[in-house]
Amino acid sequence: MVKNSSKFIPQIEPWFDDDEIKELTEVMKSTFVTESSKTQELEAMIAKYTGSKYVVSYMNGTMAIFAALKTLGIGAGDEVIVPDMTFIATANAVILTGAKPVFCDIDPETLQMTREQAEKKITSHTKAIIPVHLYGGAVQMDEILELAKKHNLHVVEDAAQGIGVKLNGRHVGTFGDVGILSFYGNKTITMGEGGMILTASKELAEECYAFKNHGRKIKGIFTHEKIGYNFSTTDLNAAIGIAQMRKLDKVIKRKKEIMDMYKKLLKNVYLYDYPKNVDCVPWFTSIKVENPEKLAAFMKENNIGMRRFFYPLHLQPCYKNEVFGADEFRNSTDAYEHGISLPSSATLEDEQVEFVASKINDFYKG
Ligand SMILES: Cc1ncc(COP(=O)(O)O)c(C=O)c1O
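Taking our numbering, the leading residue of the sequence shown gets 7, the next gets one more, and so forth.
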């Protein structure tokens with residue numbers, strides 16, 4: 007028997023408990039609230055977890071992408087390939103460097119950028135590719151790295167949504183020159199706001215550190231070798247991140263259980279799945295339906311939050327001056343027109359997942 011839910015079921019929410027409060031209180035009591043030892047502790051945890059040789063914290067994922075591109079020398083006159091289906095921050099970080107984001111279509115089943123689609127957009131101005139590991143899946147990086155090698159391009163992996171995701175056993179964000187993670191409030195785990203740069207290059211790690219530290223190698227000195235800015239996180243955010251890292255395995259396990267429940271319970275609904283070589287983290291569990299807007303409205307009446315897919319970049323009002331061919335983005339447009347993400351928080355109880363699935367089944371029965 008599926009019970010009605012009196013409480014609104016959000017599409018996504020973070021999982022906090024006393025551990026975050028304890029960590030946060032400790033930092034406040036210490037009075038060292040800006041970036042200091044807690045941030046370093048978190049960076050070390052992330053290096054160990056992801057296997058990245060160097061990890062540099064940032065205030066958010068957007069600035070981490072910007073920094074990665076800048077330190078790789080991307081700027082005015084350059085083109086950077088970005089998938090058409092992503093959160094807009096990927097493209098806007100390119101704009102901030104002065105370069106031009108060039109959009110490519112995605113794979114209709116995995117929703118990820120592919121070599122084939124990226125290659126179509128390479129010109130003599132292309133300097134970098136940003137594969138985005140979308141919705142808890144992974145871009146097939148071997149293909150992208152091969153393409154990058156062929157055309158001498160930098161690879162910046164946008165793994166903002168990808169903590170815990172592995173491709174062929176290796177954590178996403180560790181394949182390219184640089185990778186980034188985001189710890190925004192809706193991510194698998196959060197710091198409130200926060201980003202991390204992952205790289206195997208000591209030189210790039212040092213450049214990325216200086217870029218967010220007013221151009222200095224260390225804090226507390228007032229000679230600045232390079233032009234830099236302040237994109238640092240804080241020990242307050244890091245304290246939350248440390249507590250969140252401690253529960254990451256539990257969060258991932260629960261998110262996978264929730265996806266498996268939806269798989270079992272949903273009738274006649276296409277659920278996006280992942281290729282065999284991807285150890286996914288279903289950041290969002292998503293389905294493909296005929297009329298996502300109507301479904302979302304029906305679910306809202308039943309106290310359930312749903313989320314449409316990212317609006318394709320080539321349709322964004324802020325990119326309206328660009329001219330695109332009619333068939334260039336068939337897959338991302340189709341994914342937007344039919345895709346919708348289900349409540350996917352690790353905090354969901356079994357009864358809530360059952361209730362959500364029953365309402366979707368009801369909608370498509372009627
Ligand atoms: C794919 C993608 N790239 C970049 C970002 C930007 O990260 P942040 O919000 O930490 O700036 C996000 C999410 O927020 C994202 O989903």
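The beta carbon of each residue, even a glycine, is placed where N, CA and C say it ideally should be. The structure displayed is predicted, hence computed values, not measured ones.
Rounded to whole angstroms, the gap between the alpha carbons of D241 and H160 is 32 angstroms. Distances from the CB of D164 to the heavy atoms of ligand 1 include at least one below 7 angstroms. In the DSSP assignment, D164 forms a beta bridge with V138 and I186. Selection Q118, L75, N219 and G142 evaluated against K261 yields G142 as nearest (Cα-Cα). Looking at T239, A244 and Y215, the one whose alpha-carbon comes closest to that of H230 is Y215.
Taken through DSSP and simplified to helix, strand or coil, S207 comes out as coil.
Linking D148 to K13 through their CA atoms gives a straight-line distance of about 45 angstroms. The C-beta of F189 has 16 or more other C-beta atoms within 10 Å across all chains shown, which makes the residue buried. Between the alpha carbons of F237 and E29 lies a distance of about 22 angstroms. Counting C-beta atoms within 10 angstroms of its own C-beta, P349 has 16 or more neighbours from the protein chains shown and is therefore classed as buried.
For the pair of segments examined, the segment 171-179 was found to touch the segment 279-287: the number of CB pairs separated by less than 8 angstroms reaches three.
Of the heavy atoms belonging to ligand 1, none sits nearer than 7 angstroms to the Cβ of G198.
Excluding its 5 nearest sequence neighbours in each direction, D90 has C-beta neighbours in its own chain below 7 angstroms: F109, C110, D111, I112, P318, L319, H320, F335 and S338, listed in chain order.
Taking a cut-off of 8 angstroms on C-beta distances, the segment 113-133 does not touch the segment 354-366, as fewer than three cross pairs fall below it. Not one heavy atom of ligand 1 sits closer than 7 angstroms to the Cβ of T353.
CA-CA distance, T40 to T68, rounds to 20 angstroms.
Relative to the Cα of A165, the nearest Cα in the group T31, I136 and K106 belongs to I136.
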